[in-house]
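Protein sequence lines correspond, in order, to chains A and B. In the working numbering, each number is its position in the first sequence, counted from 1, plus 38. In the working numbering, each number is its position in the second sequence, counted from 1, plus 3. Glycine residues also receive a C-beta, built at the ideal position from the N, C-alpha and C atoms. Remember, predicted model here, so these are calculated numbers, not experimental data.
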Amino acid sequence: MTVTNTAGSADLNGGAASRIEARRKVGNLIALGLSIVATLFGLFFLVSILITLLIQGFSAISPSLFLENLPPLGGEGGGLANAIFGSVAMTVVAIIVATPIGILAGTYLTEYARGGKLAEVAKFINDVLLSAPSIIIGLFVYTILVLPIGHFSAWSGAAALGIIALPVINRTTQDMLGLVPNALREAAAALGTPRWKTMTHVIYRAARSGIVTGVLLAVARISGETAPLLFTALNNQFWSTDMGQPMGNLPNVIFQYATAADANSQRIAWGAALLITVTILVINIVARALSGGGKQQV
Amino acid sequence: MAVTTSTYAAQDSAGSAKARSVVLQDRIFFYMTVASAVLVVLVLVGVMVSLVIGAWPALSHSGLSFLWTERWSKKAQIFGALAPIYGTIVTSIIAMIIGIPVSFGIAIFLTELCPQALRRPIGVAVELLAGIPSIIYGLWGFFYLAPWLAQHFQPVFGVLANVPVVGALFVDSGSGLNLFTASLILAIMVLPFITSITRDVFQTVPTLLRESAYGMGMTTWEVVRSIVIPYSRVGLVGGVMLGLGRALGETMAVTFVIGNSHNISASLFDPATTISATIANEFAEADPGLFTASLLELGLVLSIITFIVLALAKWLLVRGEIK
């Protein structure tokens, strides 16, 4: 391409060559300039989201935000205590159920079925599930849990979150087990160690920080999910520890209170938004530190 | 598996009870892993089956005409999916038109231009931003972006409304809650996703290839255009498709700012709706029967569209790696 032109340029005809040279330089500058503009454009939006979130969120933070329950829409005062509890409770249940299943599934796919056709299909399906719209998961749980039970409940909310966490944990487990050197497996086998003991006592230990990272990423992913909770856990204005009933949760509070016209409701919504975002950023940073500045993004 | 089992079986014949229990433990562990892997597959199958069953009343009531009926009326019990499908596709396409060049630009900046010291901080910032939940983007869009666009951006473009043919695209509705705002929010949301994949794919280009090109006297832009992009083409398309899959199914960010109207309008500045926004807004209040079934059918349509896009993305990304 243009390269040949420049190579033989100097002696042939200086004028045309230097014009080509100049055009290439200008083209280069324009393209690189545009890429800098793109970076600034992207960073501008992302930074302005964070700054407004910090300003609005911090002005909402007060002790009562953590101690009092949700106010009625349009009411005075109030806080997020019951919504914080609800979010934590559902996330914990979801993670407790999803973690062993995700790790075992990842184990099967990397250790037992390595390279098999079926395993490839299962991995493929897991990756599709990983990016599936979360509202679809909400609809799924609604039809299999909420409809048969007859009412909204925190259990179904936790189920929806668990289904979203599952493929994340499964995928990171696959990636992490794949990094464990085969020599470890062979050494354990040579000692006559049963396979399940090799897995639990040798391989999982070798991959522990990676698997923990996966679980943390799953926590980060589900703690901000709103759509799957809309018609599973619904929301609840009052303090409730009954998982069989609708339960307040932070994402739904943002959705309901932000669109209310009064300043107090909006304050509550921004407070909830700040809490969620800070939690997620902290978890992500911890996960990153654990995996050693890790490179395995899902 | 088969090999290990038979080894233990050999010991077993020696009559050791311990060996027998080890075989049993091994089997239990194996079947637990199989069951877990199968469960993941069953979830996807279950999603599709449950949506089809749930949507059956609507499917059998109006058949395929559901897809091209625009009217959505609770009173008349007529539910058509055309407006949500139109909104979903148009917002995603506009989001991609804005998002792709910007994220390619950022990726080029990060791989080719950025001083080494800034590379990691900006890269990490982009990846952390991918983790911020969509409802935060929606909240920001609702309170800041939409009012700002309505005041400063739409009137400027509204001038184009008098231009024949394309003018209809720019008729100003006066409200910031519209199709364009939703598309812009989506574009901002997919930026981190596409950027981080694009950057990873760019980095798969062998240094040798890159350096030979520079050695021949190519400018940075020429290296990107003639070496880096052609080499990583398949992976790039995969990354874009992955971003598209996100945009199609995105719910909360869009629900806040799209204005929720079931009328299809030519103007980008008119309120519209998407499949996910319709479900999010109306599902909790829908009465059982045709209404709920129609919403579930919308969900079915969305999952079919996104699963196809995601499968294609995955396939392309894998092909990109193999090369």
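Between B/Q119 and chain A, the shortest Cβ-Cβ separation is not below 9 Å.
If you compare the alpha carbons of A/A298, A/S97, A/A265 with that of A/N287, the shortest gap goes to A/A265.
Per DSSP, A/T315 is one residue of the alpha helix (DSSP H) stretching across 301-328.
Under the 10 Å beta carbon count, B/V162 is surrounded by fewer than 16 other beta carbons and is classified as exposed.
In this structure, the beta-carbon distance from B/I103 to B/V226 does not fall below 9 Å. Annotation for B/H64: the continuous alpha helix (DSSP H) segment containing it runs 20-65. Looking at the DSSP output, B/I81 bridges to B/S76.
Given a length threshold of 4 residues, each whole run of the alpha helix (DSSP H) inside the region 70-150 of chain B is given here in chain order: 85-111, 119-132, 137-143. Within its own chain, the residues whose Cβ lies closer than 6 Å to the Cβ of B/G179, once the five positions on either side in sequence are excluded, are A149, P150, L152, A153, listed in chain order.
Counting along the chain, A/F123 sits inside the alpha helix (DSSP H) bounded by residues 119-145. Contacts with chain B at 9 Å (Cβ-Cβ) do not include A/R243. Looking only at B/R23, B/V25, B/D273, B/E288, the smallest Cα-Cα distance to B/N181 is reached by B/D273.
For B/M192, the uninterrupted alpha helix (DSSP H) segment begins and ends at 182-205. Taking a C-beta distance under 9 Å as the contact criterion, B/L85 and B/T72 qualify as a contact pair. Spatial neighbours of A/A296 in its own chain (CB-CB distance under 7 Å, excluding positions within 5 residues in sequence) are listed in chain order as Q304, A307. By the CB criterion at 9 Å, B/E285 and B/S137 fall outside the cutoff. Within its own chain, the residues whose Cβ lies closer than 6 Å to the Cβ of B/A164, once the five positions on either side in sequence are excluded, are G170, F173, V174, listed in chain order. DSSP places A/I174 in the uninterrupted alpha helix (DSSP H) bounded by 172-179. For A/E263, the nearest beta carbon of chain B is closer than 9 Å to its own beta carbon. At a cut-off of 9 Å between beta-carbon atoms, B/E253 makes contact with chain A. Interface with chain A (9 Å Cβ-Cβ cutoff): B/L62 is excluded. Taking the Cα of B/M255 as reference, the smallest distance to any Cα among B/V129, B/S270, B/T276, B/E130 is reached at B/T276.
Each of B/G177, B/S297, B/V166 was checked against the Cα of B/F156, and the nearest Cα belongs to B/G177. Excluding sequence positions up to five before and after B/P158, its CB lies within less than 8 Å of the CB of D175, all in the same chain and listed in chain order. When the Cα atoms are used, A/M214 and A/L254 turn out to be separated by approximately 14 Å.
Under the 9 Å criterion on CB atoms, B/Q28 is classed as interfacial with respect to chain A. If you keep only unbroken alpha helix (DSSP H) runs of at least 4 residues inside the region 198-281 of chain A, you get 220-228, 246-261, 265-268. Cβ-Cβ distances below 7 Å link A/N208 to G140, A143, G144, N164 in the same chain, with the five nearest sequence neighbours on each side left out; the list follows chain order. With 16 or more other CB atoms across the displayed protein chains lying within 10 angstroms of its CB, A/P289 is buried. Beyond the five residues adjoining it in sequence on each side, A/V257 comes within less than 8 Å, by CB distance, of T129, I133, A203, I321 in the same chain, given in chain order.
Judged by beta-carbon spacing, A/F178 lies within the 9 Å limit of B/G49, meaning their Cβ atoms are closer than that value. The beta carbon of B/K317 sits closer than 9 Å to some beta carbon of chain A. With a contact defined as Cβ atoms closer than 8 Å, A/V206 and A/R246 miss out at about 17 Å. In the DSSP assignment, B/T277 falls outside any alpha helix (DSSP H), carrying neither H nor E. Any Cβ of chain B closer than 9 Å to the Cβ of A/D165 would place that residue at the interface, and such an atom is present.
Judged by DSSP secondary structure, A/N290 falls within the alpha helix (DSSP H) whose first and last residues are 288-296.
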